[in-house]
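Asks: Using this note's numbering, you'd call the opening residue of the sequence shown number 1 and step up by one each time.
Beta carbons are placed, not taken as given, at the ideal position from N, Cα and C, and that holds for glycine.
Structure in structure tokens, see below.
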Amino acid sequence: MILDHSFPRETDYVKEKNIPLVIVGGTVEYHGPHCSYGCDTLVAEGLVKKLAEEKEIMIAPTISYSPSSYAVGGRKSGTVHVPERAFEDYVYYVFKSMLYSGFRNIYVVIHHQFEQESEMPMTLCYRTAAKRATMEYLEETLGEGWWGSESYANYYEELEGANNPFSWIKVIPTMSTAVQNATGYDHAGKFESSILMALYPDCIKLDRIDDIKHWFTESAREANKELGDEMVKQSLEYLKEAIK
Numbered sequence: 001m002i003l004d005h006s007f008p009r010e011t012d013y014v015k016e017k018n019i020p021l022v023i024v025g026g027t028v029e030y031h032g033p034h035c036s037y038g039c040d041t042l043v044a045e046g047l048v049k050k051l052a053e054e055k056e057i058m059i060a061p062t063i064s065y066s067p068s069s070y071a072v073g074g075r076k077s078g079t080v081h082v083p084e085r086a087f088e089d090y091v092y093y094v095f096k097s098m099l100y101s102g103f104r105n106i107y108v109v110i111h112h113q114f115e116q117e118s119e120m121p122m123t124l125c126y127r128t129a130a131k132r133a134t135m136e137y138l139e140e141t142l143g144e145g146w147w148g149s150e151s152y153a154n155y156y157e158e159l160e161g162a163n164n165p166f167s168w169i170k171v172i173p174t175m176s177t178a179v180q181n182a183t184g185y186d187h188a189g190k191f192e193s194s195i196l197m198a199l200y201p202d203c204i205k206l207d208r209i210d211d212i213k214h215w216f217t218e219s220a221r222e223a224n225k226e227l228g229d230e231m232v233k234q235s236l237e238y239l240k241e242a243i244k
């Protein structure tokens, strides 16, 4: 199911059955001369679309403009960077609207800057916004002192369950640390180029690598679909377990 194509009957079904609502957290970022600007977005979108073929989920609109940073390419590289504070406030309002709508099983899936599941600025924006939105939603709907009320006497016993409100929104990588260690992970090199090649072959042009020289793109000469297919396979196995 795709949220943009859905009607109230479909969203009511998703909320009633607690079906995952999945948002791709993307970027518009320079990835050398051979990878398209939407590389991070496309890897996550491609995996989520494949996941939807095997698991019942609803795909929400992708959030593409984000804190991609100018770490790889400068302001003239084509990268679009949204300052972290502005972005956090934006996604906070997105999350809060979703909570008021009744969604209780939201996932943000990110490929950008998630080496070894580290928390870089964009990921932190999503996670902080999620906690802010949840906390304020609870205060606005249950009143101040909600946590200290007798209604939440079992809070600690239910931390691992669906009744924990702070698990309503989860921010996860496309590839877990275990998958990264098993297959490889980089920026616009052999590994990222391979997974993009497997998902969107038209978005890779290896014959352009020499257009602009970079240390981080040299290994992309070794990119191949076989490696990309294995990365896709293992990433999907992880996502099927992570998104419940």
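#1: Since I believe residue 204 is in contact with residue 33 (beta carbons under 8 Å), could you give me their beta-carbon distance rounded to a whole number of angstroms?
#2: Distance, Cα to Cα, residue 165 vs residue 224?
#3: Would you say the beta carbon of residue 122 comes nearer than 7 Å to a heavy atom of the ligand SAM?
#4: Is the segment 182-191 touching the segment 215-222 in the sense that three or more CB pairs, one from each, lie closer than 8 Å?
#5: Closest to residue 38 by C-alpha separation, out of 200, 235 and 211, would be which residue?
#6: May I ask you to report which of helix, strand or coil DSSP gives residue 173?
#7: What does residue 106 pair with, by DSSP beta-bridge criteria?
#8: Quick check: the Cα distance between residue 184 and residue 102, rounded to an integer number of angstroms?
#9: Leaving aside the five residues before and after residue 92 along the sequence, list all residues of the same chain whose C-beta is less than 7 Å from its C-beta, in chain order.
#10: Taking the alpha carbon of residue 107 as the point to measure from, which residue in 176, 170 and 232 has its own alpha carbon closest?
#11: Measuring straight from C-alpha to C-alpha, what distance separates residue 136 and residue 144?
#12: Out of 14, 87 and 20, point me to the one whose CA is closest to residue 126's CA.
#13: By alpha-carbon positions, which one of 12, 49 and 68 ends up nearest to residue 30?
#14: Is it true that the CB of residue 64 sits closer than 8 Å to the CB of residue 41?
#15: Going by DSSP, what residues sit across from residue 58 in a beta bridge?
#16: Tell me whether residue 66 sits in a helix, a strand or coil according to DSSP, three-state version.
#17: What does DSSP give as the partner residues of residue 34 in its beta bridges?
#18: Closer than 6 Å by C-beta to residue 36: which residues in its own chain qualify, once you throw out the five before and the five after it? Chain order, please.
#19: Given that a residue counts as buried once 16 or more other Cβ atoms are within 10 Å of its Cβ, and exposed if not, what is residue 235?
Replies: According to the structure data:
#1: Here residue 33 corresponds to residue number 33 of the sequence shown, with the count starting at 1. Here residue 204 corresponds to residue number 204 of the sequence shown, with the count starting at 1. The Cβ separation is near 11 Å, so there is no contact.
#2: Indexing the sequence shown from 1 puts residue 165 at position 165. Indexing the sequence shown from 1 puts residue 224 at position 224. Rounded to whole angstroms, residue 165 and residue 224 show a C-alpha spacing of 43 Å.
#3: With respect to the ligand SAM, the structure offers nothing, as it holds no ligand at all.
#4: At 8 Å Cβ cutoff, the stretches touch.
#5: In the sequence shown, counting from the first residue as 1, residue 38 sits at position 38. The shortest Cα separation from residue 38 among 200, 235 and 211 belongs to 200.
#6: By 1-based counting over the sequence shown, the position of residue 173 is 173. Residue 173: strand per DSSP, three-state reduction.
#7: Residue mapping note: residue 106 aligns to position 106 of the sequence shown, counting from 1. In the DSSP output, where bridge partners are listed per residue, residue 106 has 21 and 169.
#8: In the sequence shown, the residue the question calls residue 184 occupies position 184. In the sequence shown, the residue the question calls residue 102 occupies position 102. If you take the alpha carbons of residue 184 and residue 102, they lie about 38 Å apart.
#9: Numbered from its first residue, the sequence shown carries residue 92 at position 92. Around residue 92: 129, 132 and 133.
#10: Translated into positions along the sequence shown, residue 107 becomes position 107. Comparing alpha carbon positions, the residue from 176, 170 and 232 closest to residue 107 is 170.
#11: For the purposes of this step, residue 136 is taken as the residue at position 136 of the sequence shown. For the purposes of this step, residue 144 is taken as the residue at position 144 of the sequence shown. Note on geometry: alpha-carbon atoms of residue 136 and residue 144 lie some 10 Å from one another.
#12: Counted from its first residue, the sequence shown places residue 126 at position 126. Nearest C-alpha to residue 126: 87.
#13: Here residue 30 refers to the residue found at position 30 of the sequence shown. For residue 30, the nearest C-alpha among the options comes from 68.
#14: Position 41 of the sequence shown, counted from the first residue, corresponds to residue 41. Position 64 of the sequence shown, counted from the first residue, corresponds to residue 64. Yes, the pair counts as a contact, with Cβ atoms nearer than the cut-off.
#15: Counted from its first residue, the sequence shown places residue 58 at position 58. According to DSSP, residue 58 bridges with 21.
#16: For the purposes of this step, residue 66 is identified with residue 66 of the sequence shown, where counting begins at 1. Judged by DSSP in its simplified three-state form, residue 66 adopts strand.
#17: Indexing the sequence shown from 1 puts residue 34 at position 34. Note: residue 34 sits in no beta bridge, so no partner.
#18: On the sequence shown, position 36 is the one that residue 36 refers to. Excluding five sequence positions before and after residue 36, the CB atoms of its chain that fall closer than 6 Å to its own CB belong to 203, given in chain order.
#19: What you label residue 235 is simply residue 235 of the sequence shown in a count that begins at 1. Label assigned to residue 235: buried.
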